[in-house]
Amino acid sequence: MRWREGITMLNPDLDWAQIREDYVSNGFVRIHSFLQDEIAEEIHQCLAASVDWKLCMLGADGPVSYSIAEMQAIPPAQHQQMNAALMQRAANGFSYMYQRMDLVNSEIPFLKRLYDYISGEAFVGFAKYVTDELEVNAVNGQASCYRGSSFLKMHNDDTDKENRKAAYVMGFSKGWRPDWGGLLHVLDKQHNLIDVQVPVFNSMTIFRVPTPHFVSQVANYAQGARYTVNGWFIKA
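Note that the numbering used here has the sequence shown beginning at 26, numbered continuously upward.
Right under this line is the structure:
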């Protein structure tokens, strides 16, 4: 089913009161079958076949990104040096490596409409209700792709660049196995593990900011990619 103007994305059968109660009580919640099935399938197809991903990582002087063509043009010796430096930074502190695309600048019509929906009034109202954060007045988002060797080290999403109230992760991977890695780990303030989430198709996780979390490294033998749409509920 192609996108139709005015159609709601969300599964109309979800128990929103229970979802809100779980989030307020625990600081996070996972929602299965979050979107209408046809829309979730369309998003999966777009992410799997239509996106020109950019590889993003934390470089020596801050975030950097490379197109596929740019990565292919890097000599093997330089590529090895870059990877060694990345692993050294990861060993000593925060770091990451995965593929991403900004939804707001997407030239793919369906994904642009997806961004218009999640940044629109109805979805912002959903964000306010579920999180009980009445100051939330905006939602932003990006698409992410984790393949072999991708990872995101522990952090809590707190930043002085914007007032983030909660983070969200919509999952669009199919048939993901736990031993492939790419698992979302949620921790408490003392960094004790409180939840581990295997990627599940058409699911959504919401957690309060600042909640420590990380995504474990994807195994090189993983068959497929970990696709998500993720971002934050913010007070703009």
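For every residue, glycine included, the Cβ atom is placed at its ideal position computed from N, Cα and C.
This one's a predicted model, so the numbers in the text were calculated from it and none came from an experiment.
Spatial neighbours of residue i in its chain, beta-carbon cut-off 8 Å, leaving aside the 5 residues before and after
i, result
"residue 214", "237"
"residue 184", "none"
"residue 59", "35, 36, 39, 65, 195, 227, 228, 229"
"residue 88", "81, 82"
"residue 57", "225, 227, 228"
Residue interval of the alpha helix (DSSP H) (run including residue i)
i, result
"residue 220", "Careful: residue 220 lies outside any alpha helix (DSSP H), inside the beta strand (DSSP E) at 218 to 222."
"residue 148", "146 to 156"
"residue 49", "41 to 51"
"residue 85", "Residue 85 -> no alpha helix (DSSP H), and no H or E assigned at all."
"residue 72", "62 to 74"
"residue 94", "93 to 98"
Pairwise C-alpha distance: residue j and residue i
i, j, result
"residue 42", "residue 149", "16 Å"
"residue 115", "residue 217", "20 Å"
"residue 28", "residue 61", "Bear in mind that the predicted position of residue 28 carries a pLDDT of just 40, short of 50, making it unreliable; the figure below should be weighed with that in mind. Taking the straight line from one Cα to the other gives about 11 Å."
"residue 78", "residue 98", "16 Å"
"residue 225", "residue 202", "9 Å"
"residue 152", "residue 45", "10 Å"
"residue 54", "residue 48", "5 Å"
"residue 210", "residue 75", "29 Å"
"residue 251", "residue 160", "31 Å"
"residue 141", "residue 112", "37 Å"
"residue 154", "residue 162", "12 Å"
"residue 143", "residue 164", "6 Å"
"residue 92", "residue 123", "12 Å"
"residue 205", "residue 145", "35 Å"
"residue 158", "residue 260", "9 Å"
"residue 169", "residue 136", "13 Å"
"residue 68", "residue 95", "26 Å"
"residue 208", "residue 102", "31 Å"
"residue 200", "residue 71", "17 Å"
"residue 197", "residue 100", "33 Å"
"residue 212", "residue 110", "27 Å"
"residue 249", "residue 90", "22 Å"
"residue 50", "residue 73", "35 Å"
"residue 117", "residue 253", "27 Å"
"residue 105", "residue 241", "21 Å"
Close beta carbons around residue i, own chain, < 6 Å, minus the five adjacent residues each side
i, result
"residue 180", "119"
"residue 233", "52, 191"
"residue 33", "none"
"residue 189", "182, 234, 257, 259"
"residue 186", "none"
Span of the beta strand (DSSP E), counted from its first residue to its last, around residue i
i, result
"residue 137", "Careful: residue 137 lies outside any beta strand (DSSP E), inside the alpha helix (DSSP H) at 134 to 143."
"residue 124", "121 to 127"
"residue 108", "Element bounds for residue 108: not the beta strand (DSSP E) but the alpha helix (DSSP H), 101 to 117."
"residue 229", "228 to 233"
"residue 167", "167 to 171"
"residue 257", "251 to 260"
"residue 186", "That residue, residue 186, is in no beta strand (DSSP E); it is neither H nor E in DSSP."
"residue 211", "209 to 212"
Chain-order list of residues whose beta-carbon lies under 7 Å from that of residue i (same chain, five-residue window excluded)
i, result
"residue 167", "125, 126, 127, 128, 255, 256"
"residue 121", "82, 83, 176, 177, 178"
"residue 222", "55, 208, 209, 230"
CB-CB length for residue i against residue j, believed under 8 Å
i, j, result
"residue 239", "residue 177", "6 Å"
"residue 219", "residue 193", "About 18 Å; that fails the 8 Å criterion."
Closer than 8 Å to chain C by CB, residue i
i, result
"residue 38", "In the structure shown, chain C does not exist; there is a single protein chain."
Spell out a yes or no on whether the segment 126 to 143 and the segment 83 to 90 are touching, meaning 3 or more CB-CB pairs, one atom from each, closer than 8 Å. no
Are the segment 241 to 250 and the segment 155 to 174 touching by the rule of at least three beta carbon pairs closer than 8 Å? yes
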